[in-house]
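Each residue of the sequence shown is one higher than the one before, counting from 648 in the numbering used here. Below is one structure; the comments refer to it alone.
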Amino acid sequence: AGPYRLLEERAQELLLPFDLAERGVVEESLERTKIHVPQRGPRRELIEHAQQNARHLLEEARLTGDEPAAEERAGDPVYELQRQLGLAKVPRAFVCFDISHAQGTDTVASMVWFQNGRPYRNEYRKFKVKTVEGIDDFASMHEVVGRYFRRRVEEERPLPDLVVIDGGKGQLNAAADALRELDLGALPIVSLAKREEEIFVLGRSESIRLSRRSPALRMLQQARDEAHRFAITFQRKRRAVRTITSELLRIPGIGDSKRRRLLTTFGSVQAIRDATPEQIAEVPGFSVKSGQKIIDALRASDALAPSIVEPDPAAPDPTTANAEPTSDAPAAVAVPSEPSNT
């Protein structure tokens with residue numbers, strides 16, 4: 648009868664991570680079984696869980712000496728990245744750091760976590776650069792890498808298999824110095840330079856250039872671009888908060904404590920602008936007269952918040968099942984939720 652057997656009960660659905668070229672023919676042969684290629688929702692989560700379980704089984708097989716054949720690993724970018732970089736361990740979990748600043752001020756940084764080649768937003772982190780003045784990407788990278796891994800060690804949380812830095816040799820060396828100061832010098836670290844898409848490996852004089860079609864390179868590019876997007880989004884939020892603050896503080900008689908009370912009550916400058924004097928008078932410390940002054944001042948201003956806090960339409964939706972709400976943006980800012988600060 649051979650190694651196959653017929654089942655009395657057929658599955659009603661077949662979930663696939665990709666579509667089939669001859670899907671109609673396959674569905675016809677399966678009769679009552681429908682093929683679905685979900686992009687989101689519970690069905691997509693089932694596929695991702697199945698893929699993750701399969702990868703865990705492959706890793707267990709490797710550790711027990713029953714490593715999968717090369718052809719089985721050929722299409723997996725994390726295996727290719729291990730081969731190309733000469734890593735001792737498959738980089739199933741890796742992080743990517745990015746520095747961003749606006750016209751030499753307000754330097755921020757971001758870190759994204761990739762698990763099995765996919766973004767894992769629960770572990771995303773963003774940073775306000777605290778010790779560096781002006782534009783100094785090297786010092787900024789040293790600071791945020793040190794802060795992140797110091798906390799990671801103190802909390803005894805798992806470390807990634809690989810650290811990726813957005814930049815060239817300078818950023819790479821700055822980040823590596825921060826790791827060495829924490830006795831983490833053995834942690835693999837590389838950088839990806841954007842212009843030529845060169846990969847710099849610590850300790851190697853020559854850069855590595857992968858094919859533009861390389862799955863490993865595309866995975867690194869995705870991580871680099873995601874880190875940059877995350878940093879820019881954080882920077883926009885901070886700029887929106889400053890705009891909201893200055894908008895209210897320009898009104899005579901409004902200090903910092905009153906500003907906080909208004910924002911706590913109404914949630915945004917736009918809501919204050921649309922309120923009535925009587926509604927503002929219900930906030931402690933305000934009267935109908937002062938409420939009217941605030942409304943008049945806001946309506947006369949050309950620098951209202953909505954055009955500033957509108958989310959980037961080109962950015963991926965961060966409000967997914969893996970996303971965490973942020974705690975650093977006040978209720979006054981109408982922005983999508985993002986993972987928390989470090």
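C-beta: ideal position from N, C-alpha, C; glycine also. Being a predicted model, the structure only gives us computed values, none of them experimental.
Residue burial classification, residue i (beta-carbon count within 10 angstroms, cutoff 16)
| i | result |
| --- | --- |
| Val-792 | buried |
| Asn-769 | exposed |
| Asp-921 | exposed |
| Ala-968 | The predicted model places Ala-968 with a pLDDT of 34, which falls under 50 and marks its position as unreliable, so this point remains unresolved. |
| Ser-937 | buried |
| Asp-784 | buried |
| Ala-863 | buried |
| Ser-904 | exposed |
| Gly-764 | buried |
| Glu-873 | buried |
| Leu-880 | Looking at the sequence itself, residue 880 is Thr, so the reference to Leu does not match. So Thr-880 counts as buried. |
| Val-956 | With a pLDDT of 34 at Val-956, under the threshold of 50, the predicted position of this residue should be treated as unreliable, though the coordinate-derived value follows. That one is buried. |
| Arg-876 | buried |
| Val-672 | exposed |
| Ser-954 | Here the model assigns Ser-954 a pLDDT of 38, short of 50, so the residue's position is not dependable, and the following value carries that caveat. The residue is exposed, with fewer than 16 neighbouring Cβ atoms inside 10 Å. |
| Lys-841 | exposed |
| Asp-723 | buried |
| Leu-839 | buried |
| Arg-851 | exposed |
| Ser-1010 | In the structure displayed, the chain extends from 648 to 989; residue 1010 sits before or after that span and is not available. |
| Pro-689 | exposed |
| Ala-825 | buried |
| Arg-994 | Residue 994 cannot be examined here, being either before or after the span of the chain that is shown, 648 to 989. |
| Leu-909 | buried |
| Ala-658 | exposed |
| Ala-701 | exposed |
| Lys-884 | buried |
Nearest neighbour of residue i, chosen from the options [CA to CA]
| i | options | result |
| --- | --- | --- |
| His-789 | Asp-813, Asp-666, Pro-685, Tyr-767 | Asp-813 |
| Gln-699 | Val-684, Arg-827, Pro-664, Val-916 | Pro-664 |
| Leu-819 | Ile-694, Ser-854, His-875 | Ser-854 |
| Lys-777 | Ile-746, His-696, Arg-907, Glu-801 | Ile-746 |
| Arg-797 | Asn-763, Gly-832, Asp-783 | Gly-832 |
| Tyr-726 | Phe-774, Gly-688, Leu-867, Ala-786 | Leu-867 |
| Gly-817 | Ala-786, Trp-760, Leu-661 | Ala-786 |
| Ile-782 | Pro-924, Asp-753, Phe-913, Pro-738 | Asp-753 |
| Gln-882 | Ala-658, Arg-687, Lys-775 | Lys-775 |
| Arg-679 | Glu-660, Glu-844, Phe-847, Ile-694 | Glu-660 |
| Ala-870 | Lys-884, Gly-902, Ser-852, Tyr-771 | Tyr-771 |
| Leu-809 | Val-742, Ala-658, Pro-924, Lys-681 | Val-742 |
| Ile-1029 | Leu-693, Arg-670, Gly-688, Pro-689 | This structure cannot settle anything about residue 1029, because the visible part of the chain is limited to 648 through 989. |
| Ala-823 | Arg-794, Arg-804, Glu-803, Pro-805 | Arg-794 |
| Pro-805 | Trp-760, Ile-846, Ile-919, Gly-815 | Trp-760 |
| Val-811 | Leu-728, Glu-780, Glu-674 | Leu-728 |
| Gln-731 | Ile-846, Lys-884, Ile-942, Gln-926 | Ile-846 |
| Ala-821 | Ile-919, Leu-849, Pro-766 | Leu-849 |
| Gly-991 | Lys-736, Pro-766, Ala-697, Arg-907 | Absent from the structure is residue 991, since the part of the chain shown begins at 648 and ends at 989. |
Per DSSP, cross-strand counterpart(s) of residue i
| i | result |
| --- | --- |
| Ser-915 | Looking at the DSSP assignment, Ser-915 forms no beta bridge with any residue, so it has no partner. |
| Leu-662 | His-683 |
| Ser-747 | Val-755 |
| Phe-877 | None, per the DSSP bridge assignment. |
| Arg-798 | Answer is none; Arg-798 lacks a bridge partner. |
| Gln-762 | Ala-740, Arg-765 |
| Asp-824 | Partner(s): none; Asp-824 has no beta bridge. |
| Phe-847 | Ser-838 |
| Asp-810 | Contrary to the premise, residue 810 reads as Val rather than Asp in this sequence. The partner list for Val-810 (beta bridge, DSSP) reads Val-742, Ile-836. |
| Gln-855 | First, the residue type needs correcting, since residue 855 is Ile and not Gln in the sequence shown. Beta-bridge pairing links Ile-855 to Ile-846. |
Sequence-distant residues of its chain with Cβ nearer than 8 Å to residue i (five each side left out)
| i | result |
| --- | --- |
| Arg-827 | none |
| Gly-900 | Ser-937, Lys-940 |
| Arg-691 | Pro-685 |
| Ala-878 | Asp-745, Ile-746, Ser-747, Val-755, Ala-756, Ser-757, Lys-773 |
| Glu-844 | Arg-856, Leu-857, Arg-859, Leu-864, Gln-868 |
Neighbourhood of residue i by C-beta, 6 Å cutoff - its chain only, sequence neighbours within 5 removed
| i | result |
| --- | --- |
| Leu-734 | Pro-835 |
| Ala-944 | Ile-898 |
| Gln-762 | Ala-740 |
| Pro-807 | Ala-740, Phe-741, Val-742 |
| Pro-924 | Val-935, Gly-938, Gln-939 |
| Ile-694 | Leu-662, Pro-664 |
| Ile-942 | none |
| Ile-919 | Leu-909, Phe-913 |
Same chain only: Cβ atoms within 7 Å of residue i, ignoring 5 sequence neighbours per side
| i | result |
| --- | --- |
| Glu-719 | Residue placement at Glu-719 is poorly supported in this model, since its pLDDT is 48, which falls under 50; the coordinates still yield a value, given next. Hits under 7 Å: none found. |
| Val-800 | Leu-829 |
| Thr-912 | Val-930 |
| Pro-738 | Val-725, Leu-728, Gln-729, Asp-808, Leu-809 |
| Ala-928 | Ser-934, Val-935, Gly-938 |
Proximity test, residue i beta-carbon vs the ligand ATP heavy atom, cut-off 7 Å
| i | result |
| --- | --- |
| Ser-934 | Annotation note on the ligand ATP: not contained in the displayed structure, which lists no ligands. |
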